[in-house]
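Quick note on the numbering used here: the sequence shown kicks off at 232 and runs consecutively. Ideal placement from N, C-alpha and C gives every residue a C-beta, glycine not left out.
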Amino acid sequence: MQPRSWPVPVIAGNWKMNMGPDETRAFFEAFCRLHAPREDRSVWFFPPALSLHAALEATAARPDLRVGVQNIHWEGAGAFTGEISAPMAVQAGARLTLVGHSERRQLFGDTDETVAARTRAALAAGLTTIVCVGETLEQRRAGELETVLGRQLDAVIDALAESDAGAPLLAYEPVWAIGTGVNATPDDAATAHGFLRGRIRERAGDDVALAIPILYGGSVKPANAADLLAAPDVDGLLVGGASLEAESFARIADAPAP
Ligand code: PGA
């Protein structure tokens, strides 16, 4: 495992299909005033690909803030209308990518296999990669939490078994908590994160298990950020709605962490 070049916790904003270039510039003007660089955490942004350039320009004087894309295709180039590849994201200045967000899985047909293929391509291109996993409410009620998380994680571990491209980060994002205002409790998060950490340990050993940060995502707000960060095995936060406003995201980015 290569040592990472950034500190934990990681506080990441997933803007989804929000914030064009103009809103992106306005956001960073405010955010950079509200949040000073810190060495004890990483603050990352996932704007829409069309706003990547604006985000990079707006953060040029702030090397502590990193910017990436929300998804990449597993091929490097070709006849895939509407897609972007990992090498071209890197060429455009992205340093990070999300993969397997539940909206991609639920609305755009991503499967465990395509998520694994995207992860491999992203890491091979040198992108720091966050793989999102999480169960639906139905699966949780049916007692399938571990089956679902295990399956989603195993597909990624299998795909990376023969590769030396390094490891991704994980984000545990229970689907029932995303955009609903109902966050997982710190105990729920600790249970799921503990399961994921244990599974990585079983499959890839202790060193890898300890080196992979696991972020929590799903209705993170300024009011619950510190409690979630204090939960065992929670190494950061992936924030949707509350990352769209500079003030609320700055409060989350500066939330106390153990
Ligand atoms: P939310 O989204 O914070 O709006 O619940 C989180 C996510 O989908 O990454």
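Where does Thr255 sit, in a helix, a strand or coil, going by DSSP? helix
Buried or exposed: Thr411, going by 16 or more other Cβ atoms within 10 Å of its Cβ? exposed
If you draw a straight line from the C-alpha of Ala481 to the C-alpha of Leu265, how long is it? 6 Å
Tell me the residue span of the beta strand (DSSP E) that contains Leu401. 400-403
Could you spell out the range, first to last residue, of the beta strand (DSSP E) harbouring Val439? Taken as a continuous stretch (DSSP letters only), Val439 belongs to no beta strand (DSSP E), being part of the alpha helix (DSSP H) at 437-442.
Tell me, please, which residues DSSP counts as bridged to Phe262. Note: Phe262 sits in no beta bridge, so no partner.
Distance check for Asp389 and Thr345, CA to CA, integer angstroms please. 12 Å
Just grab the DSSP bridge partners of Val298 for me. Phe276
Taking only the alpha-carbon atoms, compute the straight-line gap between Ile409 and Gly374 and give it to the nearest angstrom. 19 Å
Output the boundary residues of the alpha helix (DSSP H) element that contains Ile483. 477-484
Taking 8 Å as the line, does the beta carbon of Ile409 fall inside it for any heavy atom of the ligand PGA? yes
Please confirm whether Ala286 and Leu469 have their CB atoms less than 9 Å apart. no
Nearest to Gly467 by CA position, among Ala257, Asp271, Glu260, Ile303, is which residue? Asp271
Exposure of Asp419, with buried meaning 16 or more beta-carbon neighbours within 10 Å: buried
To the nearest angstrom, report how far apart Cys263 and Arg235 are at their CA atoms. 24 Å
Can Ala398 and Ala348 be called in contact, C-beta distance under 9 Å? no
Here's the rule I'm using: 16 or more other beta-carbon atoms within 10 Å means buried, otherwise exposed. How should Ser273 be labelled? buried
Distance CB(Ala461)-CB(Pro417) smaller than 9 Å: yes
Contact set for Val379: own chain, Cβ-Cβ below 6 Å, skip 5 residues either direction: Glu366, Gln370
One or two residues paired with Glu245 in a DSSP bridge: Residue 245 is actually Asn in this sequence, not Glu. Note: Asn245 sits in a beta bridge opposite Phe277.
Distance, Ser450 Cα to Gly199 Cα: Only positions 232 to 489 of the chain appear in the structure, and residue 199 is not among them; the question remains open.
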